[in-house]
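Note sheet for the following structure.
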Amino acid sequence: MSILTIIGARPQFIKASVVSRAIVAQGGLSEIIIHTGQHFDANMSDIFFDQLGIPRPNYKLDIHGGSHGEMTGRMLAEVEQVMLKEKPDRVLVYGDTNSTLAGALAAAKLHIPVAHIEAGLRSFNMCMPEEVNRILTDQVSDILFCPTKTAVDNLAREGFSDKPVQVLNVGDVMQDSALFFAQRATAPRGFHLSDGFVLTTLHRAENTDDPARLAAIVGALNTIHATVAPVVLPLHPRTRMAIAKAGLSLDVYVVEPVGYLEMIWLLQRCGLVLTDSGGVQKEAFFFGKTCVTMRDQTEWVELIDVGANELVGADQANIVATVTRRHGQKVEDQHQLYGGGQAAERIAQYLSSR
Ligand code: UDP
160 MSILTIIGAR
170 PQFIKASVVS
180 RAIVAQGGLS
190 EIIIHTGQHF
200 DANMSDIFFD
210 QLGIPRPNYK
220 LDIHGGSHGE
230 MTGRMLAEVE
240 QVMLKEKPDR
250 VLVYGDTNST
260 LAGALAAAKL
270 HIPVAHIEAG
280 LRSFNMCMPE
290 EVNRILTDQV
300 SDILFCPTKT
310 AVDNLAREGF
320 SDKPVQVLNV
330 GDVMQDSALF
340 FAQRATAPRG
350 FHLSDGFVLT
360 TLHRAENTDD
370 PARLAAIVGA
380 LNTIHATVAP
390 VVLPLHPRTR
400 MAIAKAGLSL
410 DVYVVEPVGY
420 LEMIWLLQRC
430 GLVLTDSGGV
440 QKEAFFFGKT
450 CVTMRDQTEW
460 VELIDVGANE
470 LVGADQANIV
480 ATVTRRHGQK
490 VEDQHQLYGG
500 GQAAERIAQY
510 LSSR
């Protein structure tokens with residue numbers, strides 16, 4: 160069976176690294192990879208292919224920038240051309256980006272079955288581009304690989320139990336990835352801080368595109384850096400531009416986006432994770448660290464339920480108070496919330512049995 164995988168953004172490279180390896184190990188499956196180009200900086204794209212052993216993409220489309228509609232539309236047209244040429248038996252998409260939606264939609268229109276990894280997640284906030292992308296992608300998929308029981312329940316609530324599709328709780332491929340690469344973590348070049356720093360990432364549009372939220376978050380980071388512990392911020396290119404545009408100044412330890420192996424090294428040594436990322440919320444948990452999340456909702460509600468994560472929105476005082484209170488608190492993964500690290504294997508097995 161031939162599988163056409165579509166990826167384009169940093170978290171998808173990380174997820175694809177474990178699934179592509181499982182596809183090879185499974186046997187009987189061949190994989191063609193399209194990289195749409197959504198993330199294109201060397202430190203947002205190439206470094207992951209180099210570090211994680213992902214097969215080189217067979218097609219690199221170099222589509223990035225522009226509005227959501229423009230980017231998605233260009234991807235739709237170009238991905239369709241590849242599908243017409245390659246005639247895959249199945250298309251595989253990950254998560255919630257414009258690349259995911261374009262791939263799923265192009266395939267559905269050509270009657271190529273779609274498997275969605277990370278299906279069923281919901282923030283219930285339709286202002287998030289990711290929420291729109293994931294809901295529509297789920298609608299046109301016939302295999303929905305869910306990372307959690309919550310995701311399965313979300314799909315059941317939307318009527319998926321009555322549809323002729325497969326909804327499977329396989330666990331989260333990001334746990335596979337964290338476990339696999341944990342032993343290979345490496346220090347970022349020139350990093351000199353001692354353990355216990357606050358590891359921060361910031362890139363959600365709801366924060367970067369809203370000047371009031373962005374200013375409150377930058378204010379909180381500066382205060383935490385001065386009063387709690389050094390804040391280490393591998394700065395996403397979009398956030399860098401937004402901060403410059405808003406005329407804000409960051410007085411924290413800012414570095415360029417780091418590779419995944421460096422990110423794991425930082426996760427292993429930090430005293431707390433402060434983020435608005437989806438993936439990083441779970442990675443904090445995988446490495447036993449408390450997470451404080453600068454959003455109003457999260458798709459990973461089980462982390463809130465077990466007390467490993469707190470939502471603080473973009474409220475400056477709340478961010479500072481919560482980080483001050485929770486800094487250094489460890490969390491324990493006693494709950495097998497994310498499948499235990501065999502998600503990719505389960506996915507490859509299932510795909511080969513179809
Ligand atoms: N990540 C990384 N380098 C960084 C920041 C994040 O390798 O400088 C990794 C992080 O460990 C996680 C993934 O990128 O595995 C998360 O991606 P991102 O936060 O961009 O997307 P989201 O998960 O929010 O969709």
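Letter by letter, the sequence shown follows residues 160 to 513 in this note's numbering.
Glycine is no exception: its CB is placed at the ideal position from the N, C-alpha and C atoms.
Per-residue DSSP class, three states only, for Arg363: coil
DSSP-derived helix/strand/coil call for Leu256: Reading off the sequence shown, one finds Thr at residue 256, where the question assumed Leu. DSSP places Thr256 in coil when its eight states are reduced to three.
Alpha-carbon spacing of Tyr497 relative to Glu442, whole angstroms: 11 Å
Nearest-angstrom Cβ-Cβ length linking Leu407 and Ala374, presumed shorter than 8 Å: 6 Å
Continuous alpha helix (DSSP H) stretch holding Leu392: start and end: Not the alpha helix (DSSP H): Leu392 falls in the beta strand (DSSP E), residues Val390 to Pro393.
Among Asp474, Ser258, Asn468 and Glu491, nearest to Lys219 - alpha-carbon criterion: Ser258
Expected contact under 8 Å - CB spacing of Leu358 and Val432 to nearest Å: 5 Å
Runs of alpha helix (DSSP H) lying entirely within the stretch 407 to 474, each at least 4 residues, in chain order: 419 to 428, 437 to 445 and 460 to 464
Own chain partners of Ser176 with C-beta closer than 6 Å, once the 5 adjacent residues on each side are dropped: Leu211 and Ile213
Per-residue burial, Glu229 [other beta carbons within 10 Å of its own, 16 or more giving buried]: exposed
Lys489 in three-state terms, based on DSSP: strand
Check: Gly212 C-beta below 7 Å from any heavy atom of the ligand UDP: no
Limits of the alpha helix (DSSP H) - the one that Ser511 falls within: Ala502 to Ser511
Beta-carbon spacing of Thr360, Ser436 below 8 Å: yes
For Asn328: DSSP bridge partner residues: Cys305
C-alpha distance - Ala265 paired with Arg293, whole-angstrom precision: 15 Å
Rounded Cβ spacing between Asp248 and Met160 (contact assumed at less than 8 Å): 5 Å
For Glu190, the three-state DSSP class (helix, strand or coil): strand
Beta-bridge partners of Val273, as assigned by DSSP: Val250
8 Å Cβ cutoff met for Leu470 and Lys448: no
Any non-hydrogen atom of the ligand UDP within 7 Å of Pro347 CB: no
Gln440 to Arg485 span [Cα, whole Å]: 15 Å
Environment of Lys174 [buried if 16+ CB atoms lie within 10 Å]: buried
Any chain D beta carbon closer than 8 Å to Asn468: Among the protein chains of the structure shown there is no chain D, as only one such chain exists.
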